[in-house]
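Colleague: In the order they appear, the protein sequences are chains V and R.
Anchor point for the first sequence: position 72 equals 72 in UniProt numbering, and the numbering is continuous, going up by one each time.
Anchor point for the second sequence: position 206 equals 206 in UniProt numbering, and the numbering is continuous, going up by one each time.
Ideal Cβ positions, reconstructed from N, Cα and C, are used throughout, including at glycine.
Number of protein chains: 2
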Amino acid sequence: MQGDQLSCSHTSAHAVRRLPRFDVTLMEHYLDDLRPLKEEVYELFKQHPELLVKEEEGLSKEEHRELVRRCLHVILDAGYSPLSFLTKDQAKYFYLSELLALVDLSLTIKLGVQYSLWGGSVVNLGTERHRRAYFDDIDRFRLPGCFAMTELKHGSNVAGLQTEAVLDVHKDEWVVHTPDDGAIKWWIGNAAEDGRAATVFARLKVPAPDGSGALDDHGVHAFVVPLRDSSGNTLPGVEIHDCGYKVGLNGIDNGAIQFTHVRIPRENLLDRFATVDRSGRYSSPITSAARRFAATLGELTGGRVGLTAASVGVLKGALTIAVRYSAQRQQFGPPDGPEVAVLDYPSQQAKLMPMLATCYALMFAKNRLVQKYCEMKRTKDEALVADVHSLSAGLKAYTTTYVNTAIGVCRESCGGHGYASVNRLGALRSDHDIFQTFEGDNTVLLQQVAALLLKEYRDSFRGSPLMATWSYLKIWAQDSLPANPLVTHETDPSHLRDPSFLVRALRYRTARLLHTLAARLRKHSRRLGDFGAWNKCLMHVLALSRAHVECVMLEEALGAAERCVDPDCRRSLKALADLFALDRIHSDIIFRNDDYIAPEKAKAIQRLIEALCSELRGVAVPLVDSFAIPDHILRAPIGLSTTAVDPYGSYLEAAGFDG
Amino acid sequence: MQGDQLSCSHTSAHAVRRLPRFDVTLMEHYLDDLRPLKEEVYELFKQHPELLVKEEEGLSKEEHRELVRRCLHVILDAGYSPLSFLTKDQAKYFYLSELLALVDLSLTIKLGVQYSLWGGSVVNLGTERHRRAYFDDIDRFRLPGCFAMTELKHGSNVAGLQTEAVLDVHKDEWVVHTPDDGAIKWWIGNAAEDGRAATVFARLKVPAPDGSGALDDHGVHAFVVPLRDSSGNTLPGVEIHDCGYKVGLNGIDNGAIQFTHVRIPRENLLDRFATVDRSGRYSSPITSAARRFAATLGELTGGRVGLTAASVGVLKGALTIAVRYSAQRQQFGPPDGPEVAVLDYPSQQAKLMPMLATCYALMFAKNRLVQKYCEMKRTKDEALVADVHSLSAGLKAYTTTYVNTAIGVCRESCGGHGYASVNRLGALRSDHDIFQTFEGDNTVLLQQVAALLLKEYRDSFRGSPLMATWSYLKIWAQDSLPANPLVTHETDPSHLRDPSFLVRALRYRTARLLHTLAARLRKHSRRLGDFGAWNKCLMHVLALSRAHVECVMLEEALGAAERCVDPDCRRSLKALADLFALDRIHSDIIFRNDDYIAPEKAKAIQRLIEALCSELRGVAVPLVDSFAIPDHILRAPIGLSTTAVDPYGSYLEAAGFDG
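1. Our contact map puts T516 of chain R next to C551 of chain R with C-beta atoms below 8 Å; I'd like the distance itself, whole angstroms only.
2. As a quick exercise: from V:Y80, V:R196, V:L579, pick the residue whose alpha carbon is nearest that of P499 of chain V.
3. If distances are taken between C-alpha atoms only, which option among V:R378, V:A620, V:P144 comes closest to G232 of chain V?
4. Quick check: the Cα distance between P335 of chain V and S525 of chain R, rounded to an integer number of angstroms?
5. By Cβ distance, which residues of its chain are closer than 6 Å to I75 of chain V, with the 5 residues on each side in sequence left out?
6. Note down, in chain order, each residue of its chain lying with its Cβ closer than 7 Å to the Cβ of H495 of chain V, except the 5 sequence neighbours on either side.
7. How would you write the range of the beta strand (DSSP E) that R263 of chain R sits in, first residue to last?
8. Could you work out which residue in R:E39, R:S390, R:A518 is closest to F461 of chain R when comparing CA atoms only?
9. Are there 16 or more other CB atoms within 10 angstroms of the CB of E57 of chain V, so buried, or fewer, so exposed?
10. For A393 of chain V, which option in V:I264, V:F435, V:T405, V:D588 has the closest C-alpha, if you only look at C-alpha atoms?
11. Check whether the stretch 237 to 254 of chain V and the stretch 151 to 158 of chain V touch, using three or more Cβ-Cβ pairs below 8 Å as the test.
12. Could you round the C-beta distance between A295 of chain R and Y282 of chain R to whole angstroms and report it? I think they count as a contact, below 8 Å.
13. Look at the alpha carbon of K455 of chain R and the alpha carbon of A309 of chain R, and state the distance between them as a whole number of angstroms.
14. Look up V565 of chain V in the DSSP assignment and say whether it is helix, strand or coil.
15. Just mark H130 of chain V as buried or exposed, buried being the case when its beta carbon has 16 or more other beta carbons within 10 Å.
16. When the cut-off is 8 Å and only beta carbons count, does N593 of chain R lie next to chain V?
17. For H515 of chain R, is the beta carbon positioned less than 7 Å from some heavy atom of the ligand ADP?
18. Would you give the residue range spanned by the alpha helix (DSSP H) that K523 of chain R belongs to?
19. What three-state label does DSSP hand H221 of chain V in the structure shown?
20. Is there a C-beta anywhere in chain R that falls below 8 Å from the one on Q436 of chain V?
21. Mind checking who C146 of chain R pairs with in its DSSP beta bridge?
22. Assign A165 of chain V to one of three DSSP states: helix, strand, or coil.
23. With a threshold of 16 other CB atoms inside 10 Å of the CB of D253 of chain R, please say whether the residue is buried or exposed.
24. Since M539 of chain V meets chain R, which of its residues come closer than 8 Å, beta carbon to beta carbon?
25. Who are the neighbours of K603 of chain R on chain V, taking C-beta pairs under 8 Å?
26. Which residues, taken in chain order from the stretch 301 to 333 of chain R, show a beta carbon closer than 7 Å to some beta carbon of chain V?
27. Go ahead and label T643 of chain R buried or exposed: buried means 16 or more other beta carbons lie within 10 angstroms of its beta carbon, across all protein chains shown.
28. Less than 6 Å between C-beta atoms, sequence neighbours within five positions excluded: which residues of the same chain meet that for K92 of chain R?
29. To which residues does DSSP link L215 of chain R through a beta bridge?
30. Skipping 5 residues on each side, what residues in its chain have a beta carbon closer than 7 Å to that of V53 of chain R?
31. Could you check which residue in V:E62, V:L102, V:L107 has the C-alpha nearest to that of P82 of chain V?
32. Which residue's Cα is closest to the Cα of D344 of chain R: R:T234, R:R324, R:A357, R:T358?
33. Residues in the same chain with beta-carbon distance under 6 Å from A321 of chain V, minus the five sequence neighbours each way, listed in chain order, please.
34. Roughly how many angstroms lie between the CA atoms of T469 of chain R and D459 of chain R, to the nearest whole one?
35. Any idea if N404 of chain V is buried or exposed, counting beta-carbon neighbours within 10 angstroms, 16 or more meaning buried?
36. For D181 of chain V, return the contacting residues in chain A, with the cut-off set at a CB-CB distance below 8 Å.
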């Protein structure tokens, strides 16, 4: 490409060379070991182009919902069993989430609502009896269902939900009721049109054993509540309204549900963690109410893994569009010279290359999470539960916040043409936006990560064995010593790209934030109590969790580079991992404030970042080609694999000009 | 509010006190001296609620365009003359842009297309003859028109446009022609449905005076080209297609126009800066072709002022929604205590308070820009032209990039309810998104700002008088001396909030970036040439421009605080300005790398930022109430002025429940 000369020829001072072109097929195979499933699924939609949303057509929500339903049936009719994936082959379920994100993000979420949330709650919170009764009907979408947790006034604070399920011992029934408007179930997917039943989260109340007639409130539990009859009419006592148009995901029929004394059989309590007998006696194998509640919520971790996978899928698509477009779009140039590709401008590289590096790191970290999740499900190893909880919460929060911003930058990188609906960046952003909020608000999830890190940190002082994976305490002991002035001032690129420097720097930051957070919480809690102290340190808490996630990402990215046997692919993977780490080190003032890096080292890092951006620009197109998103799935005319050959051909046709 | 205690009681260590409640009416009046116009215009829409887009209804683009047309006629029928505002009372024109942004951003842009772009180009690039012929018809929207500059392959690089206007001397006509698909006029507002004529930017070509029959290309000029007859049919040689759905602004009928040898009279050249006589001789009062082209583009500055005003208007609306919602939405709380308003959490404050501070600073900087623009138009003072060009480019770029991110943060701050279309944050973001790109891509505009700063800097060495306003050279001479170690280490809040520290710090940064940029460009241009050197330093260039804009913002924000006579209002304004400056100082590593502030000072600044966020939280609601956006204009149920009283009432009604 003509601009290469501009961007690559002046970086010799930083020992950055041009990256070798690698074999895209080799890279694609290295990145993706479930490719046959992808090819099968995407082939289905090649046969049904009429089901893919054409962003340029301005669908109504009803039309969009109908398309999504038909897409789901195409998958089911091809013989896939999403609920079996979810229970037996989770890696495939998460892979499907990621794949379908670029078919239609509403389809991914429809799948999530029906299988991960509705199906998952029945299977994981219920017992064998529930599984027998519902599994096949849920799997085949003969029994579309909802996950009715969130209420109008209660979202993140699940323990504060107000919907009630009161046992009527005489009739052996629960009476499910919405006590006030604030407790109306809100945003419930599948509710507005399709849902025939729902897992409803409600406060379980039974008569107190003392016979006083008072009710004992055992807190929030899950119940299966029928919503509609076979003709689709709502059942008595159930009032449902459509939540209306949303910023995105309008292929999902979200609704609001109000229950007025709805009666359901006692057996409809999903009773894996707690049960109520014929006499109304409540019992649970888990004695602590807090731990019981945590076990219930813990079963929902899978949803976050699926969202992380889908979010990474969206980022891959957005980057494919932005990088391909930027590589062929030309604008300005030297006096009397031809125009230059916009990707040759350092400003465009600074936008897109760190994003490409982050995308790869997220992809590898997500793979690790999926692997751990499957291992946890297979081995039922208790020790893995906290690890998976922490990683799924942290990675879901980090990924979805990052991708939300990234899609916007991709749109802007594509200039005016990025604003055409047909090029999909707007819809991807609008559809993805809510990923930051649902299945755990990101700010809340990050706090859970920090809480787990702190617990482990404190346990270590009480003599518990440290979890091998994240022994920040050891790192702190090693690296919190007065920094070695030689290292602090070392600016040679070979040092700056040395994995041991990069990993140690990110670990140092996490260890340091953890250590000081523990001390600050101790200090403040004396005066403010635990809740006050936590809030006092909240920004510190969030910084710790993000730092931790970036540690995981870097280690996975470096590990993936190291394990890659093809030397050309490996060099690109290593450059991406280095850019990711250096970008984070450079942008966090903590390293300077602690004098972990001297000013001249900070400046050397800045120069190296610019050089790496320029170096990666040379392989940016193959790096997105390696995501191997077929044109009929990507659809955006400015981002197709043929764009380099005929940049505007399909775009002109889309607008109505002769091609 | 119950959470006040949490957020305000533990900050004594940093000498931050609770801010006094101020009188909202006093603040409103201080902020806004054109209030009667606002009240009149908003009253019109109170009479026509049916014209306001209901985001929850999923309008087609055709329906939306029709609403926008009707809104425009409401304004015209009420006797307003937008084109007279634009030519005689620009402050009112820009104020209208801002006001209408919250009615419907498509309406602001429709106004911009018809008056600022189409009308403005006729009035400012044409001569008296054109003004006489078109003024009234444009003003009354009897002659809807377009501004046909951008082409499919040519956007930012206006000089590279390919559409041609070749003079046919025999017939005394221009032949306007699209030479290839890449030159099709693209994204042209008013083109798809309404446009009857257009200002077309095309390469002016006349027969060479040597009689050889060759054509002289005089570069890009503006021509009035009729597009449709009075029945709305396109004229011969004009092919127009609808650009289709866009990410937002679907109330604007953007189209793509292809010209095939379209003939127009010679007089249709807009000939203020250059003319062609009956014999085909080209002449211009400006001898340099580059300066002539600059003069042409310079007349378009007003568009950027209008966009800046509208963008600030959008930010006010988004913040009003997010702050009011966050002040009443409760979630979690201390053990056995009531839930706490989410705005009491430092994480929520960290999202919203710096944004509120930035919004105020942008508002004051925008006022200054409007004032300078009007002065330039009134006095025709040449010295003001470069100043206004620089400030309008810089502020448009800074504001629209900032607001784009900010709306997303507001959406996320409102959790799931922020995702309901009815609450408008999605549409505001989607509509506003393209502000970053049109009327000058932000990355390109920032480069113009830097180029002007550099020019002034270099001129100063050649003995030209410095423009008084931005004499960074003097600052550099004063503050680039080895920093006074006492000041570098000073951490007392009274020092950190001293305007002289804040202003000097931001000026130091700009001066330092300017000085080092000039040196680097000198060095690199020897080997790389000017174009190569500029690109080599591009990230430095962009940092300089942003630093400059932030200087302007801070000086205006501090000035506005100082001039405010009411002491309670003044204290809030001062706290906002301080937070804005400290936030920027803290987040830019340059201050640490230059040892302009010592590590302990950086940490003291971080603590002070958290304390100011907590302090401002106490007046956050009055600070958005002071924007005085009436409920019937804001419309978002979760953000109404009544939200504090009945948080979810109108929201429940919107979903279909009994109120």
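Modeller: For this structure:
1. About 16 Å separates the CB atoms of T516 of chain R and C551 of chain R; that is not less than 8 Å, and the two are not in contact.
2. V:L579
3. V:P144
4. 14 Å
5. none
6. Here H495 of chain V has F501 as same chain residues with Cβ atoms under 7 Å from its own Cβ, once five neighbours each way along the sequence are excluded.
7. First-last of the beta strand (DSSP E) with R263 of chain R: 262 to 265.
8. R:A518
9. So E57 of chain V counts as exposed.
10. V:F435
11. no
12. A295 of chain R to Y282 of chain R, Cβ: 16 Å. No contact.
13. 28 Å
14. coil
15. Buried.
16. For N593 of chain R, the answer is yes, since a Cβ of chain V falls inside 8 Å of its Cβ.
17. This structure lacks the ligand ADP, and indeed carries no ligand of any kind.
18. From DSSP, the alpha helix (DSSP H) with K523 of chain R extends over 499 to 536.
19. strand
20. Contacts with chain R at 8 Å (Cβ-Cβ) include Q436 of chain V.
21. R:A198
22. strand
23. buried
24. P346, S347, A350, E610
25. Per Cβ cutoff of 8 Å: N593.
26. Q331, F332
27. When all chains shown are included, T643 of chain R counts as buried.
28. So the qualifying residues of the chain are F85.
29. R:P207
30. L59, H64, L67, D104
31. V:L107
32. R:R324
33. Inspection of the sequence shows that residue 321 of chain V is occupied by Ile rather than by Ala. Around I321 of chain V: A636, G639.
34. In this predicted model, T469 of chain R has a pLDDT of only 42, less than 50, meaning its place in the structure is not dependable; the value taken from the coordinates is given anyway. Cα to Cα, T469 of chain R sits roughly 15 Å from D459 of chain R.
35. buried
36. The structure shown contains no chain A; its protein chains are V and R.
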